[in-house]
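Under full-length UniProt numbering, the first residue of the sequence shown carries the number 1, and numbering increases by one thereafter. A virtual CB, placed ideally from N, CA and C, is assigned to each residue, including glycine. Step one of this worksheet: look at the structure below.
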Amino acid sequence: MSGEDYRGLGWAHGALTVQRLGAMLAPVTFVLADGRQVSPMHVAPWANEPESEALPGILRKLRGEWPCVPFGYSVAVEGWPESWTRVMGPPGPDEEVHGHSSNNDWTWSDSQPGSLSLALAYPETSPVERVERTITPDPSAPAVDIEFRIFVRHACRLPIGLHPVFRLPFERGAATLELGGFDEGRTYPHDVEPGAELFARNKTFFELTAVPARSGNTIDASRLPLAAATEELLQIEGVGGMAALANHEDGYRVELSWQKEHFPSLLLWYSNRGRKAAPWNGRHVAIGIEPICSAFGLGPATALADNPIAQSGIATALEFSPEKPFVTRYRIEASAL
């Protein structure tokens, strides 16, 4: 890949790299107040393997953080609980996993000194005209501020999400997810990866330390990595616009903050050696901490329908207007434990 496929920035408190593919942000190195350097963003182990060039766009150089418009992808109906089956449909012929933004090369845009900006035009058949994002390191802190904008061709409703993926330590339980209080959590209504199930299907919970398990017991889902080889999703409602990962092995905390009025739910993606097929090969260990306005990642049809999450009063799609571009801001910041 040519040098223009990547651009980087350095500042007093760190250095970062952005790639055009998916506008993905990683690696990011933060210099903490005590002088240590830490790199909390995840980079998939296959990202530099030659075989990765044949993978779908989102997987090819999977890393760090990026926006998803629309968020999710349609899932086959067979085997789903009846209450979900009626709102689901087959994938569209041009559907891209987590949207056009996740699978294609963005274009570099003019930006202010100390920032990187990118834009991506959508196909003419999409209600989305284009998306833009600007990544700006905080000159006074080990932190990065991100602004994301969506322009639409006509009024529409869409599920959207942010997709930060964080690196985990090697030792089991050596990191802790910190969400603060939340209203309710939900387990996935089916299997994320058949044969790698851990959590009970379609259950609710109120403490991340006590998530219902397939075994009938509960699991502490706050301590990572998990002991079991699994691939799971949890949707958390009522988080206050902030979540953190404390890495006790490496002695730092990384905090993600977002505008909760835009993203009323938080999706937790536990990728814990559960996927055995290539390119995963049972070696992928990371945690996705993903602010979303969606019903899990079940695709636009489900998000727009009267699904069980929407029925509970939690929005699963946002309203967009061509008269007023959508703008949201969020931040990733590191500190010493």
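Does the Cβ of residue i have 16 or more other Cβ atoms within 10 Å, making it buried, or fewer, making it exposed?
{"i": "F148", "result": "buried"}
{"i": "Q37", "result": "exposed"}
{"i": "Y73", "result": "buried"}
{"i": "E53", "result": "exposed"}
{"i": "G181", "result": "exposed"}
{"i": "Y330", "result": "buried"}
{"i": "V327", "result": "exposed"}
{"i": "P142", "result": "buried"}
{"i": "G79", "result": "The predicted model places G79 with a pLDDT of 48, which falls under 50 and marks its position as unreliable, so this point remains unresolved."}
{"i": "N281", "result": "exposed"}
{"i": "G8", "result": "exposed"}
{"i": "P194", "result": "exposed"}
{"i": "H13", "result": "buried"}
{"i": "Q19", "result": "buried"}
{"i": "R275", "result": "buried"}
What number of angstroms, rounded off, separates the C-alpha of residue i from the C-alpha of residue j?
{"i": "N104", "j": "T204", "result": "36 Å"}
{"i": "E124", "j": "R130", "result": "10 Å"}
{"i": "W236", "j": "P164", "result": "Checking the sequence, you will find Ile at residue 236 rather than Trp. Approximately 16 Å, taken between the alpha carbons."}
{"i": "A305", "j": "V75", "result": "14 Å"}
{"i": "L198", "j": "P137", "result": "38 Å"}
{"i": "P325", "j": "S294", "result": "19 Å"}
{"i": "P291", "j": "E51", "result": "31 Å"}
{"i": "L16", "j": "E333", "result": "13 Å"}
{"i": "S117", "j": "R214", "result": "44 Å"}
{"i": "T187", "j": "P113", "result": "44 Å"}
{"i": "Y122", "j": "I219", "result": "42 Å"}
{"i": "H100", "j": "N217", "result": "40 Å"}
With distances taken between CB atoms, is the gap from residue i to residue j smaller than 7 Å?
{"i": "P225", "j": "L162", "result": "no"}
{"i": "P212", "j": "A200", "result": "yes"}
{"i": "I289", "j": "A243", "result": "yes"}
{"i": "A23", "j": "V43", "result": "no"}
{"i": "P308", "j": "W46", "result": "no"}
{"i": "I146", "j": "I135", "result": "yes"}
{"i": "E249", "j": "E178", "result": "no"}
{"i": "Y252", "j": "A336", "result": "yes"}
{"i": "P40", "j": "F166", "result": "yes"}
{"i": "T316", "j": "A303", "result": "yes"}
{"i": "I58", "j": "S102", "result": "yes"}
{"i": "V285", "j": "E231", "result": "no"}
Looking at the structure shown, is residue i part of a helix, part of a strand, or coil, going by DSSP?
{"i": "R283", "result": "coil"}
{"i": "T302", "result": "helix"}
{"i": "L208", "result": "coil"}
{"i": "Q112", "result": "coil"}
{"i": "S321", "result": "strand"}
{"i": "I292", "result": "strand"}
{"i": "E65", "result": "strand"}
{"i": "E78", "result": "Because the pLDDT at E78 is just 47, under 50, the model does not fix this residue reliably, and the value given afterwards should be weighed accordingly. Three-state result, E78: coil."}
{"i": "D5", "result": "helix"}
Roughly how far, in whole angstroms, is the beta-carbon of residue i from the beta-carbon of residue j, given that I think they are within contact range, below 8 Å?
{"i": "V144", "j": "V128", "result": "Not quite, the Cβ-Cβ distance comes to about 25 Å (not below 8 Å), so this is no contact."}
{"i": "L233", "j": "F296", "result": "6 Å"}
{"i": "V254", "j": "L245", "result": "5 Å"}
{"i": "P70", "j": "L158", "result": "5 Å"}
{"i": "W108", "j": "L120", "result": "Actually they do not touch by this definition, with Cβ atoms about 11 Å apart."}
{"i": "V31", "j": "G64", "result": "Actually they are not in contact, since the Cβ atoms of V31 and G64 sit about 18 Å apart, beyond 8 Å."}
{"i": "G241", "j": "Q259", "result": "7 Å"}
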